[in-house]
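Student: So the sequence shown is residues 242 to 612, counted in our numbering.
Supplied in structure tokens, the structure appears directly below.
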Amino acid sequence: MSELEIIEAALFAAGRAVSLEKLMKITGKPKKAVLSAVQKLTEAYSSRGSGIEILDLGERYVMQVKPEYSELMREVAPKELSAPKLRTLSMIAYHQPLLQSDLIDMRGSGAYDHIKDLIERGFVESVPCGRSRQLSTTPLFADYFGLKRNDPKAIKEKILDLLRSQAGQSEINLWIGKKTIAVTPMYESLMSMCGIREYFVANAYSPSKEEISRLLEADVVVVSAGYADTVRQYCDGEVLEMHSTTFEDLIESIALLAEELPDDVDSKTMEKSIKKIRETRERYVSAAVLIEKKVKPATEMVSRIVNDLSLGISADGVLIAPDYGTSKSGVKIEKGAQILIPTHRSVKGDLLQRVCAKYDSILEGLEKLKD
Numbered sequence: 242m243s244e245l246e247i248i249e250a251a252l253f254a255a256g257r258a259v260s261l262e263k264l265m266k267i268t269g270k271p272k273k274a275v276l277s278a279v280q281k282l283t284e285a286y287s288s289r290g291s292g293i294e295i296l297d298l299g300e301r302y303v304m305q306v307k308p309e310y311s312e313l314m315r316e317v318a319p320k321e322l323s324a325p326k327l328r329t330l331s332m333i334a335y336h337q338p339l340l341q342s343d344l345i346d347m348r349g350s351g352a353y354d355h356i357k358d359l360i361e362r363g364f365v366e367s368v369p370c371g372r373s374r375q376l377s378t379t380p381l382f383a384d385y386f387g388l389k390r391n392d393p394k395a396i397k398e399k400i401l402d403l404l405r406s407q408a409g410q411s412e413i414n415l416w417i418g419k420k421t422i423a424v425t426p427m428y429e430s431l432m433s434m435c436g437i438r439e440y441f442v443a444n445a446y447s448p449s450k451e452e453i454s455r456l457l458e459a460d461v462v463v464v465s466a467g468y469a470d471t472v473r474q475y476c477d478g479e480v481l482e483m484h485s486t487t488f489e490d491l492i493e494s495i496a497l498l499a500e501e502l503p504d505d506v507d508s509k510t511m512e513k514s515i516k517k518i519r520e521t522r523e524r525y526v527s528a529a530v531l532i533e534k535k536v537k538p539a540t541e542m543v544s545r546i547v548n549d550l551s552l553g554i555s556a557d558g559v560l561i562a563p564d565y566g567t568s569k570s571g572v573k574i575e576k577g578a579q580i581l582i583p584t585h586r587s588v589k590g591d592l593l594q595r596v597c598a599k600y601d602s603i604l605e606g607l608e609k610l611k612d
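Right, here's the structure in full:
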């Protein structure tokens with residue numbers, strides 16, 4: 242096989258821009274030989290009247306449908322970009338030139354992977370700009386989306402026209418800036434605590450086919466701590482892990498959402514929720530002051546609650562364990578426990594009620610053991 246044949250096969254198989262360095266590695270040929278082969282291949286496609294062309298993106302090359310045929314091919318072209326990546330691309334196109342740091346502020350850290358992929362595909366170019374990088378679309382972007390030229394003003398108008406024809410202002414806000422939020426059922430009440438109104442609920446741990454389809458469109462997915470790797474199988478957005486064992490966990494979870502979703506959180510609702518959580522905690526801590534009996538936490542989760550209540554700890558104290566029975570390592574946690582703390586799967590209600598149920602089980606259990 243000649244280097245020309247190898248390069249043609251590589252560009253065809255890639256479906257995106259391939260760097261000169263990658264082509265040199267694949268062919269095993271020096272830079273000069275690869276450049277010559279690419280030039281010959283480009284001229285060959287240009288002279289044969291093909292509907293395909295090879296585009297030079299500056300030592301990166303892509304085999305693509307010619308612009309005049311792009312609209313005709315839209316129905317059969319692969320849907321390469323997930324909804325979150327497409328929204329990231331839309332924001333770059335709409336706001337360009339856009340600083341990468343500003344985009345991350347708007348889209349979250351998950352956008353780093355989106356930017357990398359969009360650059361590799363040849364849709365976006367990135368150039369140094371101070372401590373950040375400046376992002377803008379490429380001619381390939383214009384060709385791919387059926388635009389006559391890569392003019393920022395024309396692109397912005399095209400994006401708005403398309404969105405207006407498909408939906409209202411809320412949809413426009415979604416695609417040019419606002420995030421789509423998914424939350425597991427247990428954390429739906431956390432949305433209320435933060436005053437977040439626009440979100441959808443899905444079982445992100447074992448989703449149905451319909452839920453997987455929706456999760457792929459989510460920019461942010463709110464789940465329980467420890468499940469990020471499981472959830473990332475079904476989504477392309479940012480995964481926010483939440484803790485909800487103690488009252489302080491709830492406050493920290495609210496703060497995390499306020500940091501990651503500043504445009505969605507209602508500050509007055511958030512402050513009111515935090516105040517209520519702190520007042521609730523104070524009532525439990527005050528009640529625990531009267532308890533003299535010492536305890537022995539069976540797990541770290543129990544220990545965190547016991548420490549928050551400032552209860553005395555002793556090796557021969559009252560054994561307190563969660564009610565889930567056997568740990569992941571096969572240890573029977575409940576064995577010998579005098580008090581069992583209800584875990585989330587065995588108690589209902591909003592997050593604050595679930596936390597209260599844990600604290601109630603300890604205080605009420607110790608009260609009964611006084612007799």
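Glycine included, each C-beta is placed from N, C-alpha and C at the ideal position.
Between the Cα of GLY351 and those of SER367, CYS476 and TYR428, spot the shortest distance and give me the residue it belongs to.
Tutor: The count along the sequence shown starts at 1 and reaches residue 351 at position 110. Among SER367, CYS476 and TYR428, the Cα nearest to that of GLY351 is on CYS476.
Student: Just checking, does the segment 521-536 make contact with the segment 591-605 on the three C-beta pairs under 8 Å criterion?
Tutor: Yes, the segment 521-536 is in contact with the segment 591-605.
Student: Quick one: any contact between the segment 512-526 and the segment 462-481, if contact means 3 or more CB pairs under 8 Å?
Tutor: Verdict: no, contact absent.
Student: Helix, strand or coil for MET265, going by three-state DSSP, please let me know.
Tutor: To locate residue 265, count along the sequence shown from 1; it is residue 24. Helix at MET265.
Student: Between the segment 505-525 and the segment 480-492, are three or more C-beta pairs nearer than 8 Å?
Tutor: Yes: at least three Cβ pairs fall under 8 Å.
Student: Taking the straight line between their C-alpha atoms, what separation do you get for ARG183 and THR283?
Tutor: The structure shown does not extend to residue 183, since the chain spans only 242 to 612, so no value can be given for it.
Student: Just to confirm, is the Cβ distance from GLU300 to ALA278 under 8 Å?
Tutor: Counting from one through the sequence shown, the residue named residue 300 turns up at place 59. Counting from one through the sequence shown, the residue named residue 278 turns up at place 37. No, the pair does not count as a contact, with Cβ atoms beyond the cut-off.
Student: Can you give the Cα-Cα distance for LYS394 and GLN337, rounded to whole angstroms?
Tutor: Reading the sequence shown from its first residue, position 153 is the one you call residue 394. Reading the sequence shown from its first residue, position 96 is the one you call residue 337. Whole-angstrom Cα-Cα distance: 9 Å.
Student: Return the chain-ordered ranges of every beta strand (DSSP E) run that is complete within the segment 412-475 and spans a minimum of 3 residues.
Tutor: If we require 3 residues or more, the beta strand (DSSP E) runs fully inside the segment 412-475 come out as 422-424 and 461-465.
Student: Quick one: measure Cβ to Cβ for ILE561 and ALA539, integer angstroms, because I've assumed they're closer than 8 Å.
Tutor: The residue labelled residue 561 in the question sits at position 320 within the sequence shown. The residue labelled residue 539 in the question sits at position 298 within the sequence shown. Their Cβ separation, rounded to whole angstroms, is 6 Å, which keeps ILE561 and ALA539 in contact under 8 Å.
Student: Am I right that GLU501 and LEU481 are in contact with their C-beta atoms under 8 Å? What's the rounded C-beta distance?
Tutor: As a working mapping, residue 501 is identified with position 260 in the sequence shown. As a working mapping, residue 481 is identified with position 240 in the sequence shown. Confirmed, about 6 Å.
Student: Starting from the Cα of LYS509, find the closest Cα among GLY436, GLU361 and ILE356 and give me that residue.
Tutor: In the sequence shown, residue 509 corresponds to position 268, counting from 1. Checking every option, the nearest Cα to that of LYS509 belongs to GLY436.
Student: Cα-Cα, which of ILE582, GLU520 and VAL588 is closest to GLU605?
Tutor: Residue 605 sits at position 364 when you count from the first residue of the sequence shown. The residue with the shortest Cα to Cα distance from GLU605 is ILE582.
Student: Can you tell me the Cα-Cα spacing of VAL547 and LYS266, whole angstroms?
Tutor: As a working mapping, residue 547 is identified with position 306 in the sequence shown. As a working mapping, residue 266 is identified with position 25 in the sequence shown. Each residue's Cα considered, the two are about 60 Å apart.
Student: Are there 16 or more other CB atoms within 10 angstroms of the CB of TYR440, so buried, or fewer, so exposed?
Tutor: Translated into positions along the sequence shown, residue 440 becomes position 199. With 16 or more other Cβ atoms within 10 Å, it is buried.
Student: State the CB to CB distance for the pair TYR335 and LYS397, rounded to an integer number of angstroms; the pair is presumed to be in contact (CB under 8 Å).
Tutor: On the sequence shown, residue 335 is found 94 positions in, with the first residue counted as 1. On the sequence shown, residue 397 is found 156 positions in, with the first residue counted as 1. Correct: roughly 5 Å between the Cβ atoms.
Student: Please report how far the alpha carbon of ALA251 lies from the alpha carbon of LEU264, in whole angstroms.
Tutor: Looking up residue 251 in the sequence shown gives position 10. Looking up residue 264 in the sequence shown gives position 23. Approximately 8 Å between the Cα atoms of the pair.
Student: Just how far apart, CA to CA, sit ILE345 and HIS484?
Tutor: The count along the sequence shown starts at 1 and reaches residue 345 at position 104. The count along the sequence shown starts at 1 and reaches residue 484 at position 243. Distance between the alpha carbons of ILE345 and HIS484: 24 Å.
Student: Alpha carbon to alpha carbon, how far is VAL259 from SER433? Give it in angstroms, no decimals.
Tutor: Counted from its first residue, the sequence shown places residue 433 at position 192. Counted from its first residue, the sequence shown places residue 259 at position 18. Straight-line Cα distance between these residues: approximately 47 Å.
Student: Count the other C-beta atoms from every protein chain shown that fall within 10 angstroms of the C-beta of ILE580, then say buried if there are 16 or more, exposed otherwise.
Tutor: Position 339 of the sequence shown, counted from the first residue, corresponds to residue 580. That one is buried.
Student: Could you tell me the alpha carbon to alpha carbon distance between GLU316 and ASP384, rounded to whole angstroms?
Tutor: As a first step, residue 316 must be located in the sequence shown, where it is residue number 75. As a first step, residue 384 must be located in the sequence shown, where it is residue number 143. Summary for GLU316: the model assigns pLDDT 47, below 50, so the residue's position carries little reliability; its value from the coordinates is reported in the next sentence. Going by the C-alpha atoms only, they are around 15 Å apart.
Student: Can you tell me which residues form a DSSP beta bridge with ASP354?
Tutor: Translated into positions along the sequence shown, residue 354 becomes position 113. Its beta-bridge partners do not exist; DSSP assigns none.
Student: Would DSSP call ALA250 helix, strand or coil?
Tutor: To locate residue 250, count along the sequence shown from 1; it is residue 9. Three-state result, ALA250: helix.
Student: Around the Cβ of ASP358, are there at least 16 other Cβ atoms within 10 angstroms (buried) or fewer (exposed)?
Tutor: As a first step, residue 358 is located in the sequence shown; it is residue number 117 there, counting from the start. ASP358 should be labelled buried.
Student: Less than 8 Å separating the beta-carbons of LYS537 and VAL559?
Tutor: Walking along the sequence shown from the start, residue 537 turns up at place 296. Walking along the sequence shown from the start, residue 559 turns up at place 318. Their beta carbons are under 8 Å apart, which means LYS537 touches VAL559 by this criterion.
Student: Starting from GLN579, trace the alpha helix (DSSP H) both ways and give me its first and last residue.
Tutor: Here residue 579 corresponds to residue number 338 of the sequence shown, with the count starting at 1. Segment: none, GLN579 is in no alpha helix (DSSP H) and carries neither H nor E.
Student: Go ahead and pull the three-state DSSP assignment for LEU491.
Tutor: As a first step, residue 491 must be located in the sequence shown, where it is residue number 250. It is helical.
Student: Classify SER331 as buried or exposed, calling it buried when 16 or more other Cβ atoms lie within 10 Å of its own Cβ.
Tutor: Numbered from 1 along the sequence shown, position 90 holds the residue referred to as residue 331. So SER331 counts as buried.
Student: Tell me whether ASP297 sits in a helix, a strand or coil according to DSSP, three-state version.
Tutor: Your numbering for residue 297 matches position 56 in the sequence shown. If DSSP states are grouped into helix, strand and coil, ASP297 belongs with the strands.
Student: Grab the span of the beta strand (DSSP E) containing LEU376 for me, first residue to last.
Tutor: The count along the sequence shown starts at 1 and reaches residue 376 at position 135. Element bounds for LEU376: 373-378.
Student: Once you ignore the five residues that flank SER323 on each side, which residues in its own chain have a CB closer than 6 Å to its CB?
Tutor: Reading the sequence shown from its first residue, position 82 is the one you call residue 323. LEU457 and ASP477.
Student: Have a look at ASP297 and ALA254 and give me their C-alpha separation to the nearest angstrom.
Tutor: Translated into the one-based positions of the sequence shown, residue 297 becomes position 56. Translated into the one-based positions of the sequence shown, residue 254 becomes position 13. One C-alpha to the other measures close to 17 Å.
Student: Determine the extent of the alpha helix (DSSP H) in which LEU276 is found, giving its start and end residues.
Tutor: Within the sequence shown, numbered from 1, the residue matching residue 276 stands at position 35. Run containing LEU276: 272-288, per the alpha helix (DSSP H) assignment.
Student: Please return the same chain residues whose Cβ sits closer than 8 Å to the Cβ of TYR353, not counting the five positions on each side in sequence.
Tutor: Here residue 353 refers to the residue found at position 112 of the sequence shown. Excluding positions up to five away in sequence, the list reads ILE345.
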